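Taking it in order: structure first as structure tokens, then the write-up.
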Amino acid sequence: MTQADPVPTGFDLQASGLRKTYDLAPGPGRPKGQQVHAVRDVSLTLRPGRTTALVGESGCGKSTIAKMLVGLESISGGAVRLDGGPLDSQAARKKAWDAKRRIQMVFQDPYASLNPRWRVSRIIAEALAASGLRGGAAIKARTLEILSQVGLPEVAADKFPHEFSGGQRQRISIARALACEPQFLICDEPTSALDVSVQAQILNLLKDLQDRHALAYLLITHDLSVVHHMADHVGVMYLGMLVEDRSAADLFSQPLHPYTQTLLETIPRADQPGREPPRLSGEVPNPLNPPSGCPFHPRCAAANDRCRAEQPQAIAVSGGTVSCHAVEEGRL
Amino acid sequence: MSDATSPRRGPAAALSRFFDGDLWYNFRTSPLAVIAAIIFFGLSLAAIFAQFVAPHNPFLAPDLMDGMMPPMWESGGSQTFLLGTDDQGRDVLSLILHGMQVSLFVGLAAVLLSVVLGVTLGLIAGFFGGVVDAVIMRIADIQLSFPNILVALLIDGMVSASFGRATQAALALPVLVLAIGLSDWVQYARTVRASTLVERRREYVQAARIMHIPSVIILFRHILPNIMGPVVVIGTLGLAHAIIAEATLSFLGVGLPPTQPSLGTLIRTGNDYLFSGEWWMTVFPAVTLVLLSLSVNVFGDWLRDALNPRIGK
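Chains as they are written, first to last, in full-length UniProt numbering: chain R, 1 to 332; chain Z, 1 to 313.
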């Protein structure tokens with residue numbers, strides 16, 4: 001295959017300099033034209049067979065990125081590219097979909113993500129029809145095939161979503177995504193609504209499917225043990241920004257950003273019973289009124305005057321980048 | 001995995017699911033709802049089969065000698081005319097049965113019209129938002145600032161003005177349905193819009209959008225079935241309202257012509273004789289109207305409570 005595009009690109013999904021700002025409606029005590037910067041300058045790449053993870057606290061913009069990647073939210077700045085071509089309109093997205101370059105999503109809440117009035121067979125059949133499969137018999141056969149791939153029995157096809165447990169519903173959700181034969185799967189907290197015992201099953205299922213279909217995953221989570229189990233590459237987000245963006249091996253063996261270090265230390269450990277997890281002082285700043293300089297400086301032990309005044313830029317480190325003045329100056 | 005239960009499909013299975021369900025249990029155990037349902041379905045059946053049930057045919061030339069007969073238990077009454085006769089000698093019971101047929105038809109057709117109109121506009125307003133939403137809902141607000149009966153009178157008046165009095169008699173039925181239906185769509189539109197605003201943010205709708213399912217299909221196949229609960233309730237209550245509206249318009253003389261018996265026209269023609277002592281001509285149709293609308297209302301009230309999980313017993 002020859003590429004006419006002057007910029008050589010792989011078959012990947014790339015977000016560069018992604019931004020999302022929300023305009024706030026003026027109200028009592030709120031002047032006109034105020035904006036919330038939900039996502040600021042985030043770049044990431046999804047490659048076949050690889051898992052990229054986004055971690056961070058609630059409200060740091062993880063889910064907004066997921067929605068921008070699949071086209072549920074408009075993009076305020078930056079670009080999303082699929083195989084090098086921009087996905088800047090619904091028409092472009094539809095074209096990519098029809099060319100069988102597909103991005104699918106698994107949602108956080110398995111109770112809201114399936115139409116309560118539809119049988120499982122109809123839910124899967126809709127996805128199959130949306131990806132171009134025609135003919136009742138073919139759709140039926142493929143439905144059963146996909147259900148068995150996600151570990152559900154054939155009788156599941158004739159049931160309604162409310163007849164299943166949370167973990168089973170998440171399997172149905174994954175089956176619907178798989179039915180479209182996507183190359184990219186965005187998983188927005190796929191296990192956070194599930195019991196711990198079921199979480200492992202779903203994660204292992206996702207891993208198996210990735211091996212079988214060479215899927216590219218974006219895994220959004222706040223659970224670092226999930227990241228450790230799944231991810232090849234990790235982006236740590238704080239207040240809408242990527243503060244550390246490195247390969248999983250490097251990040252877990254030698255975390256650089258003070259925020260990443262604190263996050264990793266808070267993972268409970270079985271080998272150190274009674275260990276007091278470190279505490280971060282203060283709270284996540286109000287995104288309406290973000291701090292000057294580094295967004296993390298009000299809670300950072302290593303912060304100095306430069307951190308308070310100047311926003312850090314990404315600097316190259318082993319396995320990726322980190323945005324921190326203290327790391328750059330060797331103060332840590 | 002629970003694969004013990006076998007798949008349940010088909011109309012027979014759906015029926016048995018219904019009779020096993022909460023709704024049927026709730027219905028069985030509320031006597032008021034059962035009584036209301038029996039009265040409503042009894043009256044409806046009598047009306048639907050009026051041609052066979054009614055002892056006389058009120059459309060045949062009546063015998064004027066039979067006029068103004070009181071009900072059979074009053075002195076001067078006859079066994080032939082159970083509830084007496086009107087000024088032209090027509091049997092009041094037969095008139096009521098045939099009149100109820102017209103009233104029920106107008107009521108159902110008007111509710112159907114306002115449901116179709118209101119649900120469609122509400123779905124569109126809630127789903128697309130923006131200018132479309134603003135335009136539809138402002139029209140609804142404007143219409144809501146007039147009493148319903150005034151809107152119906154206006155529509156009725158416009159049609160008879162543009163078609164002339166002569167054709168009005170022939171068009172009376174469809175015009176009445178149109179007038180009542182158009183005056184009543186607002187509450188459906190408002191309810192549906194509010195539910196749509198909630199549903200369209202649900203993740204199953206987002207999942208459909210990711211798969212590039214056309215908006216029209218998302219609206220009518222995904223969202224519509226999930227918002228029909230409240231519509232069924234308002235529709236039931238709206239039926240009583242539409243039946244009363246028909247009676248009111250016919251009573252005011254802008255509904256059906258006097259030649260066509262409906263509960264409203266019967267009450268109106270009987271009303272003229274009320275003070276001369278022939279009370280049965282207006283009281284019996286009026287009681288029927290009250291029974292009909294009351295039973296629908298009680299049933300609708302029960303349905304609203306039964307379908308609302310927050311008003312648990």
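From the three backbone atoms N, C-alpha and C, an ideal C-beta is built for every residue, glycine too. Since the structure is predicted, the reported quantities are computational estimates derived from the model, not experimental observations.
Sub-8 Å separation of residue i and residue j beta-carbons
{"i": "R:Ala99", "j": "R:Leu87", "result": "no"}
{"i": "Z:Ile218", "j": "Z:Arg209", "result": "yes"}
{"i": "R:Ile146", "j": "R:Ala125", "result": "no"}
{"i": "Z:Leu123", "j": "Z:Leu239", "result": "no"}
{"i": "R:Arg171", "j": "R:Gly151", "result": "yes"}
{"i": "R:Ala127", "j": "Z:Met211", "result": "yes"}
{"i": "R:Ala38", "j": "R:Gly240", "result": "yes"}
{"i": "R:Val106", "j": "R:Ala177", "result": "yes"}
{"i": "R:Val120", "j": "R:Ala66", "result": "no"}
{"i": "R:Val327", "j": "R:Val55", "result": "no"}
{"i": "R:Ile220", "j": "R:Lys62", "result": "yes"}
{"i": "R:Gln104", "j": "R:Pro182", "result": "yes"}
{"i": "Z:Leu263", "j": "Z:Ser103", "result": "yes"}
{"i": "R:Leu69", "j": "R:Leu256", "result": "no"}
{"i": "Z:Met68", "j": "Z:Asp87", "result": "yes"}
{"i": "Z:Asn226", "j": "Z:Glu203", "result": "no"}
Contacts around residue i, its chain only, beta-carbon distance under 7 Å, and the 5 residues preceding and following it disregarded
{"i": "R:Gln313", "result": "Ser323"}
{"i": "R:Tyr259", "result": "Val236, Tyr238, Val243 and Phe296"}
{"i": "R:Leu203", "result": "Thr191, Val226, His229 and Met230"}
{"i": "Z:Leu274", "result": "Thr282"}
{"i": "Z:Pro70", "result": "Gly76, Gly77, Gly84 and Trp280"}
{"i": "Z:Phe284", "result": "Leu83, Val92 and Ile96"}
{"i": "Z:Pro230", "result": "Thr191 and Ser195"}
{"i": "R:Asp23", "result": "Gln35"}
{"i": "residue 317 of chain Z", "result": "Residue 317 of chain Z falls outside the range modelled here, since chain Z spans only 1 to 313, and no answer is possible."}
{"i": "residue 333 of chain R", "result": "This structure cannot speak to residue 333 of chain R, because chain R is shown only from 1 to 332."}
Test: residue i CB closer than 8 Å to a CB of chain R
{"i": "Z:Arg200", "result": "no"}
{"i": "Z:Ile210", "result": "yes"}
{"i": "Z:Arg213", "result": "According to the sequence displayed, residue 213 of chain Z carries Ile and not Arg. Taking Cβ atoms only, chain R reaches closer than 8 Å to Z:Ile213, which makes this a yes."}
{"i": "Z:Gln143", "result": "no"}
{"i": "Z:His222", "result": "yes"}
{"i": "Z:Ala134", "result": "no"}
{"i": "Z:Tyr273", "result": "no"}
{"i": "Z:Pro230", "result": "no"}
{"i": "Z:Ala14", "result": "no"}
Any C-beta of chain Z under 8 Å from that of residue i
{"i": "R:Asp109", "result": "yes"}
{"i": "R:Thr9", "result": "The pLDDT assigned to R:Thr9 is 49, lower than 50, so where the model puts this residue is not dependable; a value taken from the coordinates is nonetheless given after this. R:Thr9 does not count as touching chain Z."}
{"i": "R:Ala130", "result": "yes"}
{"i": "R:Cys187", "result": "no"}
{"i": "R:Asn115", "result": "yes"}
{"i": "R:Leu72", "result": "yes"}
{"i": "R:Gln313", "result": "no"}
{"i": "R:Cys307", "result": "no"}
{"i": "R:Met105", "result": "yes"}
{"i": "R:Arg269", "result": "no"}
{"i": "R:Lys94", "result": "yes"}
Counterpart residues of residue i in DSSP-defined beta bridges
{"i": "R:Ser173", "result": "Its beta-bridge partners do not exist; DSSP assigns none."}
{"i": "R:Lys159", "result": "Answer is none; R:Lys159 lacks a bridge partner."}
{"i": "R:Ser247", "result": "R:His233"}
{"i": "R:Pro86", "result": "R:Arg81"}
{"i": "R:Asp23", "result": "R:Gln35"}
{"i": "R:Gly320", "result": "R:Arg246 and R:Val317"}
{"i": "R:Cys187", "result": "R:Val106 and R:Leu219"}
{"i": "Z:Asp91", "result": "Z:Thr85"}
{"i": "R:Ala53", "result": "R:Leu219 and R:Val234"}
Cut-off 8 Å between Cβ atoms - residues of its own chain near residue i, not counting five sequence neighbours on either side
{"i": "Z:Leu23", "result": "Ala306 and Leu307"}
{"i": "Z:Gln101", "result": "Ala47, Ile48 and Ala50"}
{"i": "Z:Val232", "result": "Leu303 and Leu307"}
Contact set for residue i: own chain, Cβ-Cβ below 6 Å, skip 5 residues either direction
{"i": "Z:Phe27", "result": "Ala33"}
{"i": "R:Glu265", "result": "Pro278"}
{"i": "R:Lys20", "result": "Ala38, Val39, Thr64 and Ser76"}
{"i": "R:Arg47", "result": "Asp12 and Ala216"}
{"i": "R:Ile174", "result": "Val106 and Val150"}
{"i": "Z:Ile267", "result": "Phe251, Thr282, Pro285 and Ala286"}
Distance cut-off 7 Å: residue i Cβ against heavy atoms of the ligand NAD
{"i": "Z:Ser145", "result": "Here there are no bound small molecules, and the ligand NAD is not part of this structure."}
| said: Does the structure place the region 242–259 of chain R close enough to the region 317–325 of chain R that three or more beta carbon pairs sit under 8 Å? | reply: Three or more beta-carbon pairs separated by less than 8 Å link the region 317–325 of chain R to the region 242–259 of chain R, which places the two stretches in contact.
| query | Does the region 92–101 of chain Z touch the region 48–56 of chain Z, meaning 3 or more C-beta pairs lie closer than 8 Å? | reply | yes
| query | Any chance the region 183–196 of chain Z sits against the region 246–253 of chain Z, with 3 or more Cβ pairs inside 8 Å? | reply | Result no; under three Cβ-Cβ pairs closer than 8 Å.
| message | Counting beta carbon pairs with one atom in the region 219–226 of chain Z and one in the region 112–122 of chain R, are three or more of them shorter than 8 Å? | response | yes
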